[in-house]
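Okay, structure first, notes after.
2 protein chains.
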Amino acid sequence: MRRLPLAPLAAALLLAAGAASAADTTIPAAAVKTAEQLRDRALQDDTGYRIVASLTTEVGPRIAGGPADQRARDWAVAKFKELGFDKVYTEPVTYPLWQRRGEHGAIVAPFPQPLVLTALGYSAGTPRGGLAAEVVKFDSLDALKAADPARVKGKIVYIGYRMQRKKDGADYGMGSAVRTMGPPIAASKGAAGYLLRSAGTDPDSRTPHTGVTGFRDPAKAIPAAALSNPDADQLERVLAYGKPVTVKLDLDCGIVGQYTGANVIGEVTGRRHPDQVVAIGGHLDSWDPGTGAIDDGAGVAIAMAAAKLIRDLPQRPDRTIRVIAFANEEMGLWGGRAYAEKHAGEVAKFQLGTESDFGAGPVWRMSASVKPEARGAIAQIARVLEPIGVAYDARRPGGGGSDLSQMHAKGMAALTLTQDGTRYFDWHHNANDTLDKIDPKELAQNVAVYAAFSYMAAQADGDFGSAPGAFAGDGAED
Amino acid sequence: MRRLPLAPLAAALLLAAGAASAADTTIPAAAVKTAEQLRDRALQDDTGYRIVASLTTEVGPRIAGGPADQRARDWAVAKFKELGFDKVYTEPVTYPLWQRRGEHGAIVAPFPQPLVLTALGYSAGTPRGGLAAEVVKFDSLDALKAADPARVKGKIVYIGYRMQRKKDGADYGMGSAVRTMGPPIAASKGAAGYLLRSAGTDPDSRTPHTGVTGFRDPAKAIPAAALSNPDADQLERVLAYGKPVTVKLDLDCGIVGQYTGANVIGEVTGRRHPDQVVAIGGHLDSWDPGTGAIDDGAGVAIAMAAAKLIRDLPQRPDRTIRVIAFANEEMGLWGGRAYAEKHAGEVAKFQLGTESDFGAGPVWRMSASVKPEARGAIAQIARVLEPIGVAYDARRPGGGGSDLSQMHAKGMAALTLTQDGTRYFDWHHNANDTLDKIDPKELAQNVAVYAAFSYMAAQADGDFGSAPGAFAGDGAED
Ligand SMILES: [Zn+2]
Ligand SMILES: [Zn+2]
Ligand SMILES: [Zn+2]
Ligand SMILES: [Zn+2]
């Protein structure tokens, strides 16, 4: 890790370039110094790791509305209090309750054998005893879109898109499209069921990746499931014999009603502007096969630990640090949408925000959607983060992360802090999302980033441009 | 891969050292040359890979006595015939039929959550609805042996031995001891159940490793299961809170009667001594979570492909090449023991033998148990194998591999051809034992080794010392 005494020099250059004016948002030198101390302290601190270990051990898997939902909320309330947050509260979030009760799959003919698969969120269940149908394979989502419904009707559609590991996770774009858009398209053409090669990058693990589908109307949903990568290989090998292949899906799952959970919120109250908030967080729900360590125990832990470090300073920050543990991100940003709906009217009070929801790999890139007059302050933040490996890309927008993208859409100034996601999709949404996948040192780097930026935003002279409708069309992807 | 023209030089040295005499077994120069050609041809040949792809795709998982047992035997008979073997037959093998019908586990208290586990071979089932009991952890098998039964009675014993990757798989010695010996010891002290950290080296995969236990009397068996490594980590974290930990095992499994399967045998008949055999093979059964690619589709494929290359020579070898696809190795060498019992009286007719049952990694070491007068012939074999990476260790015994260890125990001269097992125990006995774990080039190296040695043994002038009771106490481990 490099420690370059860049700040004074760069600030001088900035002034020399004539960029600073009275209207510009700036971060006072004392705040920069404190942020540097927070950053360095965070790197040596294990609070974040202890939080995610506590959540994944004591609560474990916590599918939205499932048996551990209330326990997860109780855990978050207790943890905020234990960490000394000034204010802890919940805000209700209501959503359809989808349940997974059992899932089996098998090749019936020509070579009978089990398949390891997992039902996708909002999948319909099969009739009791299962659903057997011939498989029709498509080479891509586009090929399915273009297909004559006569080829699809009554069949189980299969698409075998194979995701590759990328630092920025870019291949999840297509991977998740095959998972979300494929099922309703297949259903609209009369398919009996839908199977995909998991949207995951572990090439050889029999751990299928679940995730939500894009079914909008439960009445039109069909059974939809993901095969592990080796099971997809096997199905493709069997299909390559050129004989009709019959697969049986036996999925006991579906929507059983409504559920009301909650976003759980903890605050370190601002000393001078308690009503102005820096919003950070993660989502509290997880998928059920794993214990939700990287998705998104890590995000909750990073935000909680960062705020806790700020809370432990000799005095409270000027503005409030608000940590939000969102409800039910996984099945469609329910917590994030409820939050944005409730707080849209206060968007101008949101100084800056972003959520951590891409695992526990180190942050390597920062981008921002802020008003032009706040670019200098963002550059100040960037200079504090640069020594711990974060590069500032001034050309990219910032989107606020998964749930907070909804507040950004309402006009909240937002960062994107991109983590190294090279292995994220090995473990994402499958049974392997467990604590052992988190490197404590990498998690601490994230805490350092969140503590430093949150503090600097809270101490800034001026704002970052949050206003109703600001940043519309900035092209942010999250 | 190096190709050194060592053979003539080394043979000259051997003669110069005065080691050769009329009583010595030697391999004619023409046979050595043909063996070198077989070796080189095998490296370019994909017959072995096509065989294991066929078995794992068309039959898939094939637990002994299970739904695919008969299909596996039919497959082997048909494959031997398709490959042009001269003689194909089966020999019945009868054994207890143990079935796995369902398995679930969970921590009940203090932190309720599911555990990923798999029942072990010959495990008893739990009462319907499951068995919940407090967990008592022991640091080692020795600690369990020494334990006061009062500490164990009514509890679920847990041992967390963590296997490490080794090229020779040495850590499986303790890993398998914890799995086989632990359950009956726990049962004898009144334990209600038994759990272990999987005897496997994949540190972070939620795929528990099954395998047989040492229960001798089904009436005394208790429920016994393996946790995946991350689940063992989780249980240990929960135990570390220092509160009583209750686990529920719900295992629907057990012995339901007897089953008669068969060893399936294919021969390339010897031209001059059809009744003298070189015996090679693998086991046809697999554990059920995977498709038995590395354990032991690979072994069956290596032996079949090696014999097929010899069969395709312009004329048949002097002695018979016998390929044995053994029944039910996994639950206690049933096929190997039945074979040895049936053929003990003919042991002197077994020229040399060894079985492949350690995955598909390259062979890197050869050792032998042969009469002293055949050491020169073994050295000739070694010189043919040396260019493809096989080192001859003249101080180690040869054991014949898993099932054929039983014929070796009756007096059959035997090799051990040690494969690189560094990753073998990542996939061994779990769902990840699938075709993608096999590198076709590495498999071909194995075929080259088996083809070359089998042919040379078949063409030798003289024998390797097989006789009733020979090699007793040679210290061979397999
Ligand atoms: Zn997430
Ligand atoms: Zn997710
Ligand atoms: Zn084996
Ligand atoms: Zn085995």
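From first to last, the protein sequence lines are chains A and R.
Per my numbering, the very first residue in the first sequence carries number 1; after that it's consecutive.
Per my numbering, the very first residue in the second sequence carries number 1001; after that it's consecutive.
Backbone N, C-alpha and C define an ideal beta-carbon position, used for all residues, glycine too.
Closer than 9 Å to chain R by CB, residue i
i: residue 463(A); result: no
i: residue 233(A); result: yes
i: residue 432(A); result: yes
i: residue 60(A); result: yes
i: residue 437(A); result: yes
i: residue 8(A); result: The predicted model places residue 8(A) with a pLDDT of 38, which falls under 50 and marks its position as unreliable; any figure quoted below should be read in that light. Closer than 9 Å: no.
i: residue 14(A); result: For residue 14(A), the predicted model reports a pLDDT of 44, less than 50, meaning its position is unreliable; a value from the coordinates is still stated below. With 9 Å as the cut-off, residue 14(A) does not count as an interface residue toward chain R.
Assigned secondary structure, residue i (DSSP; H/G/I helix, E/B strand, else coil)
i: residue 234(A); result: helix
i: residue 1091(R); result: strand
i: residue 1364(R); result: strand
i: residue 1082(R); result: helix
i: residue 383(A); result: helix
i: residue 408(A); result: helix
i: residue 68(A); result: coil
i: residue 472(A); result: coil
i: residue 1063(R); result: coil
i: residue 1268(R); result: strand
i: residue 358(A); result: coil
i: residue 1113(R); result: strand
i: residue 229(A); result: helix
i: residue 447(A); result: helix
i: residue 43(A); result: helix
i: residue 144(A); result: helix
i: residue 1121(R); result: strand
Cutoff 9 Å: residue i Cβ touching any chain A Cβ
i: residue 1099(R); result: no
i: residue 1291(R); result: yes
i: residue 1050(R); result: no
i: residue 1489(R); result: Chain R is shown from 1001 up to 1478; residue 1489(R) falls before or after that span and cannot be answered.
i: residue 1328(R); result: no
i: residue 1229(R); result: yes
i: residue 1057(R); result: yes
i: residue 1067(R); result: yes
i: residue 1053(R); result: yes
Cβ pair residue i, residue j closer than 9 Å
i: residue 245(A); j: residue 414(A); result: no
i: residue 1453(R); j: residue 1404(R); result: no
i: residue 202(A); j: residue 296(A); result: no
i: residue 319(A); j: residue 351(A); result: yes
i: residue 60(A); j: residue 1258(R); result: no
i: residue 458(A); j: residue 321(A); result: yes
i: residue 1196(R); j: residue 1159(R); result: yes
i: residue 502(A); j: residue 66(A); result: With chain A covering only 1 through 478, there is no way to say anything about residue 502(A).
i: residue 1118(R); j: residue 230(A); result: no
i: residue 1224(R); j: residue 1198(R); result: no
i: residue 294(A); j: residue 428(A); result: yes
i: residue 1090(R); j: residue 1264(R); result: yes
i: residue 1355(R); j: residue 1401(R); result: yes
i: residue 1063(R); j: residue 1100(R); result: yes
i: residue 1369(R); j: residue 1393(R); result: no
Within-9 Å CB hit, residue i to chain C
i: residue 1210(R); result: The question asks about chain C, but that chain is absent: this structure's protein chains are A and R.
Worksheet item: Can you list, in chain order, the residues of the segment 98 to 132 of chain A whose Cβ is nearer than 9 Å to any Cβ on chain R?
Response: 107, 110, 111, 112, 113, 114, 116
Fill in: Residues of the segment 233 to 266 of chain A with Cβ closer than 7 Å to any Cβ of chain R, in chain order
233, 234, 237, 238
Practice prompt. Pull every residue with its beta-carbon under 5 Å away from any heavy atom of ligand 3, and keep them in chain order.
Written response: 1295(R), 1296(R), 1357(R)
Worksheet item: Which residues, in order along the segment 184 to 207 of chain A, keep a beta-carbon less than 8 Å from a beta-carbon of chain R?
Response: 203, 204, 205, 206, 207
Worksheet item: Given a limit of 8 Å on CB to CB distance, which residues of the segment 77 to 97 of chain A reach chain R?
Response: none
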